[in-house]
Structures are given as structure tokens and as C-alpha cells.
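K.L.:
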Amino acid sequence: MVSALGIGDPCLEQPTSDVPDFGIVGRMATNTSISLDVHFRDFVAREVATGRYQSASEVIRAGLRLLEDRETQLGALRSALIAGEQSGEPEQFDFDEFMADKARG
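Letter by letter, the sequence shown follows residues 1 to 105 of the UniProt record's numbering.
(1) Grouping DSSP H, G and I as helix and E and B as strand, with all else coil, what is residue 40?
(2) Could you tell me whether the segment 85-92 touches the segment 65-76, using the rule of 3 or more Cβ pairs below 8 Å?
(3) Express the C-alpha separation of residue 80 and residue 43 in angstroms, rounding to a whole number.
(4) Taking the straight line between their C-alpha atoms, what separation do you get for residue 98 and residue 104?
(5) In three-state DSSP terms, what is residue 73?
(6) Report the residue from 55, 60, 95, 69 whose alpha carbon sits nearest the alpha carbon of residue 36.
(7) Check for me: the alpha helix (DSSP H) holding residue 101 runs from which residue to which?
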């Protein structure tokens with residue numbers, strides 16, 4: 001950017017670098033404040049105390065990963081249910097007959 005004096009203002013210029021970012025610049029962590037009740041505060045503290053996690057942030061990230069996985073699985077199940085409902089009327093299925101057919105080859 002150019003200031004009123006026609007001189008580039010280094011505070012307004014986009015930084016350039018010859019160092020590749022390897023795709024991590026857009027994924028930099030940001031600080032976010034959350035409120036936890038006593039139960040979850042103590043749970044996070046216990047998890048850190050075990051040494052399995054180095055910080056409360058690691059515990060929260062692990063929990064968010066599990067939540068994200070669960071939501072993805074639920075979305076897939078919902079899609080499968082919708083596909084099943086749209087596939088038409090159910091047909092009769094005789095398990096014993098099915099097994100007899102399998103046994104006959």
C-alpha cells in the first residue's frame with residue numbers, strides 16, 4: 001500500500017516470503033476462551049495430570065476430534081436412512097429360505 005506521501009507503508013503491505021508454508025499457515029491455532037463447569041474442569045485437569053495430554057488445549061482438541069468423527073458418522077447414517085426410505089417398499093425376506101438356498105449352492 002502507498003501512503004499519502006507516496007511511500008510504501010510497511011504496516012499495510014502483505015508480507016512476502018521465499019519460505020514455503022507447507023499448507024500450515026491457514027491452519028494456525030487461534031486462542032478461544034471457553035467456560036467449563038466444575039465437572040469438565042476437573043476432568044480436563046485429571047487428563048493432563050495423567051501425562052497423556054500436555055495441556056488443556058490438547059484435551060479439548062481430542063474431544064473435538066471425537067465429536068467431529070461422531071457427527072460425520074451420524075451424517076452418513078442419516079444419508080443411508082434417507083436412501084433406504086427412497087429405495088421403495090420393503091420386500092418379504094425369509095431367512096430360512098435364504099439359508100437353504102445358500103446350502104444348495
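Note that the Cβ used here is the ideal one computed from N, Cα and C, for glycine as well.
The structure displayed is predicted, hence computed values, not measured ones.
P.N.:
Looking at the coordinates:
(1) Your numbering for residue 40 matches position 40 in the sequence shown. Looking at residue 40 - three-state DSSP - the assignment turns out to be helix.
(2) No, the segment 85-92 is not in contact with the segment 65-76.
(3) The residue you call residue 43 lines up with position 43 of the sequence shown. The residue you call residue 80 lines up with position 80 of the sequence shown. Roughly 35 Å between the two C-alpha positions.
(4) As a position in the sequence shown, residue 98 is number 98, starting the count at 1. As a position in the sequence shown, residue 104 is number 104, starting the count at 1. Cα to Cα, residue 98 sits roughly 10 Å from residue 104.
(5) Within the sequence shown, residue 73 is the residue found at index 73, counting from 1. Residue 73 falls in the helix class under three-state DSSP.
(6) One-based indexing of the sequence shown puts residue 36 at position 36. Looking at the Cα atoms, 60 is the closest of the given residues.
(7) Residue mapping note: residue 101 aligns to position 101 of the sequence shown, counting from 1. Annotation: the continuous alpha helix (DSSP H) that includes residue 101 extends over 95-104.
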